[in-house]
Structures are given as structure tokens and as C-alpha cells.
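J.:
Protein chains: 2
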Amino acid sequence: MNQIKTSADLGCALRHARKQLGLTQPQLALAAGVGVRFIVELEAGKPTIRLEGVLRVIQALGGGLTLTGLDGEPYDPAA
Amino acid sequence: MNQIKTSADLGCALRHARKQLGLTQPQLALAAGVGVRFIVELEAGKPTIRLEGVLRVIQALGGGLTLTGLDGEPYDPAA
DNA sequence: ATCATAATTTCCCGTTCGGGAAATTATTGG
DNA sequence: CCAATAATTTCCCGAACGGGAAATTATGAT
Chain A
1082 MNQIKTSADL GCALRHARKQ LGLTQPQLAL AAGVGVRFIV ELEAGKPTIR LEGVLRVIQA
1142 LGGGLTLTGL DGEPYDPAA
Chain B
1082 MNQIKTSADL GCALRHARKQ LGLTQPQLAL AAGVGVRFIV ELEAGKPTIR LEGVLRVIQA
1142 LGGGLTLTGL DGEPYDPAA
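These protein sequences, in sequence, are chains A and B.
Counting in my numbering, the first sequence runs without a single skipped number right up to 1160 at its last residue.
Counting in my numbering, the second sequence runs without a single skipped number right up to 1160 at its last residue.
(1) With burial defined as no fewer than 16 other Cβ atoms inside 10 Å of the residue's Cβ, what is the status of T1092 (chain A): buried or exposed?
(2) Measure the Cβ-Cβ separation of K1086 (chain B) and G1145 (chain A) and say whether it is below 9 Å.
(3) On a Cα-Cα basis, can you pick out the residue from B:L1111, B:L1148, B:T1105 that is closest to R1137 (chain B)?
(4) What residues from the stretch 1129-1153 of chain A come within 8 Å of chain B, judged by C-beta to C-beta, listed N to C?
(5) Can the beta-carbon of A1113 (chain B) be found less than 9 Å from the beta-carbon of G1143 (chain B)?
(6) Apart from the five residues just before and just after I1139 (chain B), which ones in its own chain have a Cβ nearer than 8 Å to its Cβ?
(7) What is the residue span of the beta strand (DSSP E) that I1085 (chain B) lies within?
Structure (C-alpha cells):
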């Protein structure tokens, strides 16, 4: 369970995951539909990368993102 | 537990969370250090917003992001 | 040590973000 | 029904993204 607080956390975790899978950056870039440089910057923890690519990379790695701490009561339309 | 697959998922979840907390978009924007438009676009599911702001908003709401499925064993899509 | 492969940086530069504020369109209330 | 608050769109525009490819620098294997 990897708690993501900063973009650096995310980059670090994704880098480890990629290596774990034995993928190179170009391979992952291809699989995720982004450029190699995007992977480099993502893994380097660049804070201003675009969400879209981040999600695609995570999915290409077989991972998922879970939002925690915000599951209060069921959605109340009258709130 | 909110599994985030797309930026739309995220936007939807964050919008509900904000309402649950009784915050307006400008209030959240201020708390997260982003512009109001950023909140609007984030909640609308815009795929190209910057990660930095997303993380700040989530934290301003008291939530967290968890990366799942990437610890340990290699991912085998054919398993 | 040496060659091969991977990783990262740099370059150019079109695309697009995203801030603030005003204008417009819901929503809610008196 | 009309006023007030919230939500979203629009405007202008500087700043930054990020794609491909080549160059440079790790990293590793034989």
C-alpha cells in the first residue's frame, strides 16, 4: 500500500514498479501511449505533468489509484 | 474506497467530497492554493490538468491517494 | 577494459495550461 | 416573482508542457 503525498512519491513508486516488471522506459512509454520523456519526468517526480498520462502509465503497469479518506456518508443530493 | 480509473472518476469523487465538507469551489481553491477554474476543470474531469494541483486539492479535502497493485509480484495480465 | 543497452538531458517549438475577473447561467431562498 | 449565492464559461496571454530524435552519460555483461 503506497501512500502518495507528493509527485516524487509517485514517481519513485512507479519507477520501482516498472523495474519490477522488467520494462524499459521506452517500452512503458509505448504501452502507455506517452513519450519517453514523459516517463522520465514522471519518475523524476516532476509536479506539473498531466494527469491523463499518469493514469495511463499506472494502468499500463497493472496498478490502480485509490482515493482514501473521503468516503463519508453516501452521496446526499440535498446537501 | 474509490478506485480511480479516469480523470472523470476523480473529478466526480472530489466534487462529492467537497460538497460533503460544505465547501464552495472558491473556498477549496483558496485552501488548496489553486485557481477557481482549476477546481472547475478538475471536477469536470479534464484529463490534462497538472498533477501538482490535484494532489494539493486532495490534501486540502483531507484525503489521500494510494497506489495499489504494484507491490510485490510481477503483474501478469494473462493470469 | 570494451562493447552494448538503457537512462537521461537537450534541442526546437506547436499546443495548451491555467490565473484573475467579469459575464452568464443555474439553484436556492425570501 | 425577484433577489442573492454558487457554478461555470469566457476573455487575454505569459508560462510550461511534452513529442521526437540526437547526444551524452550511466549501468552491465562478457
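We treat Cβ as the ideally placed atom computed from N, Cα and C, and that holds for glycine.
Since the structure is predicted, the reported quantities are computational estimates derived from the model, not experimental observations.
T.: Checking against the coordinates, here is how it stands:
(1) Per the sequence presented here, residue 1092 (chain A) reads as Gly, with Thr not at that position. Counting the other Cβ atoms within 10 Å of the Cβ of G1092 (chain A) gives 16 or more, which makes it buried.
(2) It is a contact, given that the beta carbons lie within the stated cut-off.
(3) It is B:L1111 whose Cα lies nearest to the Cα of R1137 (chain B).
(4) Sequence-ordered contacts of the stretch 1129-1153 of chain A with chain B read T1129, I1130, R1131, L1132, E1133, V1135, L1136, I1139, Q1140, L1142, G1143, G1144, G1145, L1146, T1147, L1148, T1149, G1150, L1151, D1152, G1153 [C-beta pairs closer than 8 Å].
(5) Not closer than 9 Å, so no.
(6) Sequence-distant partners of I1139 (chain B) (beyond 5 residues in either direction) whose C-beta falls short of 8 Å from its own C-beta, in its chain, are L1095, G1145, L1146.
(7) Run containing I1085 (chain B): 1083-1085, per the beta strand (DSSP E) assignment.
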